[in-house]
Amino acid sequence: MDVIQIVDQIGNQGPLITFLITSFFLLQQKKYLIAYLVFSFVNHYSNPVLKMLFKEPRPNMRVSKDPDLDGRIKELGDDKYGMPSYHAQTTFFSTAFLYLVQKDPYVLLAEFTICCITWYQRIKYGRHSVAQLLAGSIIGLTMAYVSYNLTKHYLRTQ
Numbered sequence: 007m008d009v010i011q012i013v014d015q016i017g018n019q020g021p022l023i024t025f026l027i028t029s030f031f032l033l034q035q036k037k038y039l040i041a042y043l044v045f046s047f048v049n050h051y052s053n054p055v056l057k058m059l060f061k062e063p064r065p066n067m068r069v070s071k072d073p074d075l076d077g078r079i080k081e082l083g084d085d086k087y088g089m090p091s092y093h094a095q096t097t098f099f100s101t102a103f104l105y106l107v108q109k110d111p112y113v114l115l116a117e118f119t120i121c122c123i124t125w126y127q128r129i130k131y132g133r134h135s136v137a138q139l140l141a142g143s144i145i146g147l148t149m150a151y152v153s154y155n156l157t158k159h160y161l162r163t164q
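Position one of the sequence shown corresponds to residue 7 (our numbering), numbered consecutively onward.
#1: What does the Cβ neighbour count give for residue 121, buried or exposed, with the cut at 16 atoms within 10 Å?
#2: Counting Cβ pairs, one atom from each stretch, are 3 or more of them under 8 angstroms apart for the stretch 147 to 157 and the stretch 106 to 117?
#3: In the stretch 82 to 153, which residue ranges form an unbroken alpha helix (DSSP H) of at least 4 residues, counting only runs that do not cross its ends?
#4: When we look at the beta-carbon of residue 32 and count the other beta-carbons within 10 Å, is it buried (16 or more) or exposed?
#5: So for residue 54, helix, strand or coil by DSSP?
#6: Just to confirm, are residue 89 and residue 62 a CB contact at a threshold of 8 angstroms?
#7: Taking residue 124 and residue 17 to be in contact with their CB atoms under 8 angstroms, please state how far apart those CB atoms are, rounded to whole angstroms.
#8: When the Cα atoms are used, what is the spatial distance from residue 69 to residue 11?
#9: In whole angstroms, what separates the C-alpha of residue 47 from that of residue 7?
#10: Would you say residue 96 and residue 134 are within 8 angstroms of each other, going by their C-beta atoms?
#11: Could you tell me the distance, in whole angstroms, from the CA atom of residue 98 to the CA atom of residue 9?
#12: Does residue 21 come out as helix, strand or coil in the three-state DSSP assignment?
#13: For the candidate residues 114, 111, 153, 54, whose alpha-carbon lies nearest to that of residue 142?
#14: Ignore the nearest five residues each way along the sequence and tell me which others in residue 21's own chain have a CB closer than 8 angstroms to its CB.
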């Protein structure tokens, strides 16, 4: 596996990677971890609802150098709508939530790098337009901000 293939896999698996990193770093803050898991579920399932509301098609698919990836995409039936980008929404949600809780610039930089690699991979394979990625990123950031503040408010009132 060469460097380009590794970068492509990091981008394709960005949501899972940032989810695992965020969960790991929140292990010592159980209440925030529980909130993160609950709001991750909400964030995850809000995406298909938003796709059905926007109904914006994906850009034309390029021929992938990874036939396994193309096969999985078609099996999932996930090739109709692209607005907002699930990958951008979930990676930015995880990144922002963790930063808001811990304020660690090094972890922010690491996860933000994964977000950028994810953007690159989604554009490279024609899965999303820049607008779809931007929308997903903004929605993920907004969901993280709201989730964090709801959690903080709840914890203060307990």
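We put the CB at the ideal spot given by N, CA and C, even for glycine.
Please read these numbers as outputs of a predicted model, since none were measured by experiment.
According to the structure data:
#1: buried
#2: yes
#3: 92 to 108, 111 to 130
#4: buried
#5: helix
#6: yes
#7: 5 angstroms
#8: Any reading at residue 69 must be qualified, since the residue scores a pLDDT of 48, below 50, and its modelled position is unreliable; the value itself is stated next. Those two C-alpha atoms are separated by around 15 angstroms.
#9: 33 angstroms
#10: no
#11: 24 angstroms
#12: helix
#13: 54
#14: 92, 93, 96, 97, 100, 124
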